[in-house]
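Enquirer:
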Amino acid sequence: MYGCNKRLQRLSQDDKTIHTHKCSWSKCAGLLLQFLFSLNLCAYCFCCHNKVDLVINPFNNMQKRHRSHRDTMRENVASRLHAHVKNAPQEAINFRKIFEYELFGISLKQAIGKNIEDSIYVEELGTTLSRDEIFKVLVLDIMEAAIDVDWRDFFPYLTWVPNKSLEMKIQRLYTRRSAVMNALIDDRKKGIASGEELNCYTDYLLSEAKTLTSEQIAMLLWETIIETADTTLVTTEWAMYEIAKDSNRQGRLYQEIQNVCGSNKITEEHLSQLPYLSAVFHETLRKHSPAPIVPLRYAHEDTQLGGYYVPAGSEIAINIYGCNMDKNQWESPGEWKPERFLEPKYDPMDLYKTMAFGAGKRVCAGSLQAMLIACTTIGRLVQEFEWKLRDGEEENVDTVGLTTHKLHPMHAILKRRN
Ligand code: HEM
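Under the working numbering, the sequence shown is numbered contiguously, ending at residue 416.
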């Protein structure tokens, strides 16, 4: 998700040389963590400085303020699934389609205070865009472009050679994204001017972050939209795939939820009493690392890492997926086995060993929200339905995109419990 930012940044700034180094990253997950924490850097965003303070602090309060959006989202997902089961019980359901719609809605409510039901007029593009088109501009196109390969990255001494088609594509995406973000922010400004209550991240940034440029504000807002709409979806869909594939583990999870929640619907308050559900979440993050490569790090000074020499000026991509598949770090790493996090020999800190949210100064600002949404959604889906993969679905494990999107959306047959 971040490579594209980096490329977009490149269009307006001087190119940076990228060196690649042969390091067996999987050998040294611990060292990597240390490394991430020790480097004072982030290569991926337009507006690095002061961002952590601005983003992290409001988020925890935001989680409380936006609680109702999450509750509504879960209700909407559950009722759409119930409607499907009632109308077409034998037909497999494409869970992603439903969840994606709801997650994008929640990301908009948090960022700009309201969902887009229909369409918006984007002045800079001189046209009206539907909700689906906005989703494409803000999320899908960027995720797709982020994995476009710029051959010059492999030949740093040739960076002076133009790569017009890629540059024009990225420039176009950048222009469209900015235009949509500006339209959303302008709409919110009108709301504020007409006395609407302060209730979203835009309001917070406009009133508190006086030193930020409008471009920086747009980037900060967009980042939360794409993160909420994408990585949380990826994690939840993979978790449901694994659960639907494994009736024993699904049974164990259901039993845990029943024991704690009884006839009540699962809520965020229950989460601390549901260790197996938490293990399901973390094991999914491990096996299907949603951001398999942590955003690039830049070495400001010569560094030694795991016996390798990393010269100053290097940009480093860390293969989280490789670390999470390392046999020396994880027993049977290819197996989805949530119990591994509950066995006595595992340390609670092992939950963070997956590095799914990155580490150090630029660690994910939305991990709490991701956990709240993914865990309560998974819990609710298992509480109300029995999940079974559609025939032939088990083999669909290919991924596409910068995050580990399932290439083929999961299709499952649902049966209402009780
Ligand atoms: C399971 C879901 C998620 C995963 C796996 C994930 C993963 C990541 C990763 C790997 C990074 C880069 C960290 C680093 O460079 O060390 C990141 C950064 C970030 N994430 Fe997430 N994320 C998730 C959900 C979210 C959500 C829901 C939000 C917003 C509400 C969010 C907001 C951010 C922001 C703002 C940053 C940039 C932090 C900074 O640079 O200061 N993330 N995320």
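A virtual CB, placed ideally from N, CA and C, is assigned to each residue, including glycine.
Ordered along the chain, which non-local residues of its own chain (more than five positions away) have a Cβ less than 8 Å from that of MET238?
Expert: The residue you call residue 238 lines up with position 240 of the sequence shown. Closer than 8 Å at Cβ, skipping near neighbours: PHE93, ILE376, LEU379, TRP385, MET408 and ALA410.
Enquirer: Ignoring anything shorter than 4 residues, give me the alpha helix (DSSP H) runs that lie fully in the segment 149 to 204, in order along the chain.
Expert: You should have 162 to 191.
Enquirer: Does ALA27 come out as helix, strand or coil in the three-state DSSP assignment?
Expert: Here residue 27 corresponds to residue number 29 of the sequence shown, with the count starting at 1. Residue confidence is low: ALA27 scores 42 on pLDDT, short of 50, so the model does not pin down where it sits. Its coordinate-derived value is still stated next. The answer is helix: DSSP assigns ALA27 an H, G or I state.
Enquirer: Determine the direct distance from the alpha carbon of GLU142 to that of ILE91, and round the result to whole angstroms.
Expert: The residue given as residue 91 occupies position 93 in the sequence shown. The residue given as residue 142 occupies position 144 in the sequence shown. Distance between the alpha carbons of ILE91 and GLU142 is about 25 Å.
Enquirer: Any chance the segment 254 to 270 sits against the segment 133 to 141, with 3 or more Cβ pairs inside 8 Å?
Expert: Touching, no, given that fewer than three Cβ pairs across the two stretches are closer than 8 Å.
Enquirer: Across which residues does DSSP place HIS403 in a beta bridge pair?
Expert: Taking the first residue of the sequence shown as 1, we reach residue 403 at position 405. Answer is VAL398, bridged to HIS403.
Enquirer: Tell me whether ARG417 is buried or exposed, calling it buried when 16 or more other Cβ atoms sit within 10 Å of its Cβ.
Expert: Any property of residue 417 remains undetermined from this structure, which presents the chain solely from -1 to 416.
Enquirer: With DSSP as the reference, identify every bridge partner of SER128, one or two as the case may be.
Expert: Position 130 of the sequence shown, counting from 1, holds the residue named residue 128. Per DSSP, SER117.
Enquirer: When DSSP labels each residue in this structure, what does ILE411 get in the three-state scheme?
Expert: Start at 1 with the first residue of the sequence shown, and residue 411 comes out as number 413. ILE411: strand per DSSP, three-state reduction.
Enquirer: Considering just the uninterrupted stretch of the alpha helix (DSSP H) at GLN327, what are its terminal residues?
Expert: Position 329 of the sequence shown, counted from the start, is the residue given in the question as residue 327. Looking at the DSSP string, GLN327 is not in any alpha helix (DSSP H), and its letter there is neither H nor E.
Enquirer: Could you pull out every residue in the same chain whose Cβ sits closer than 7 Å to the Cβ of HIS67, ignoring the five residues on either side in sequence?
Expert: Counted from its first residue, the sequence shown places residue 67 at position 69. Correct list, in chain order: ILE104, LYS107 and GLN108.
Enquirer: By DSSP, does THR375 sit in helix, in strand, or in coil?
Expert: Counting from 1 along the sequence shown, the entry for residue 375 is found at position 377. Here THR375 sits in helix by DSSP.
Enquirer: Helix, strand or coil: how does DSSP classify PHE102 here?
Expert: In the sequence shown, counting from the first residue as 1, residue 102 sits at position 104. Correct three-state label for PHE102: helix.
Enquirer: Roughly how many whole angstroms lie between the Cα atoms of GLN307 and THR70?
Expert: Along the sequence shown, read from residue 1 onward, the residue named residue 307 stands at position 309. Along the sequence shown, read from residue 1 onward, the residue named residue 70 stands at position 72. Looking at the sequence provided, one finds Tyr at residue 307 rather than Gln. Near 51 Å, if we compare the C-alpha coordinates of THR70 and TYR307.
Enquirer: Can you find at least 3 beta carbon pairs, one from the segment 323 to 336 and one from the segment 270 to 282, that sit closer than 8 Å?
Expert: A contact exists between the segment 323 to 336 and the segment 270 to 282.
Enquirer: Assuming ASN262 is part of the beta strand (DSSP E), what are its boundary residues?
Expert: Start at 1 with the first residue of the sequence shown, and residue 262 comes out as number 264. Per DSSP, ASN262 belongs to no beta strand (DSSP E) and is neither H nor E.
Enquirer: In chain order, which beta strand (DSSP E) runs of at least 3 residues are fully inside the segment 231 to 303?
Expert: 291 to 296 and 301 to 303, all fully within the segment 231 to 303.
Enquirer: Three-state secondary structure (DSSP) at ALA417?
Expert: The question about residue 417 has no answer, for the chain in this structure spans -1 to 416.
Enquirer: Sorry if obvious, but does the Cβ on SER365 come closer than 7 Å to a heavy atom of ligand 1?
Expert: Working through the sequence shown from its first residue, we reach residue 365 at position 367. Yes, since a heavy atom of ligand 1 falls inside the 7 Å radius drawn around the Cβ of SER365.
Enquirer: Give a yes or no on whether the C-beta atoms belonging to THR374 and ILE224 are separated by under 8 Å.
Expert: What you label residue 374 is simply residue 376 of the sequence shown in a count that begins at 1. What you label residue 224 is simply residue 226 of the sequence shown in a count that begins at 1. Not closer than 8 Å, so no.
Enquirer: Helix, strand or coil for ASN416, going by three-state DSSP, please let me know.
Expert: Residue numbering aside, residue 416 sits at position 418 when the sequence shown is read from its first letter. Note: ASN416 maps to coil in three-state DSSP.
Enquirer: Is the beta carbon of CYS198 within less than 7 Å of some heavy atom of ligand 1?
Expert: Here the question's residue 198 lines up with position 200 in the sequence shown. It does not: the Cβ of CYS198 is nowhere closer than 7 Å to a heavy atom of ligand 1.
Enquirer: Using 7 Å as the cut-off, classify the Cβ of GLU225 as near or not near the heavy atoms of ligand 1, replying yes or no.
Expert: Along the sequence shown, read from residue 1 onward, the residue named residue 225 stands at position 227. For ligand 1, at least one heavy atom lies less than 7 Å from the Cβ of GLU225.
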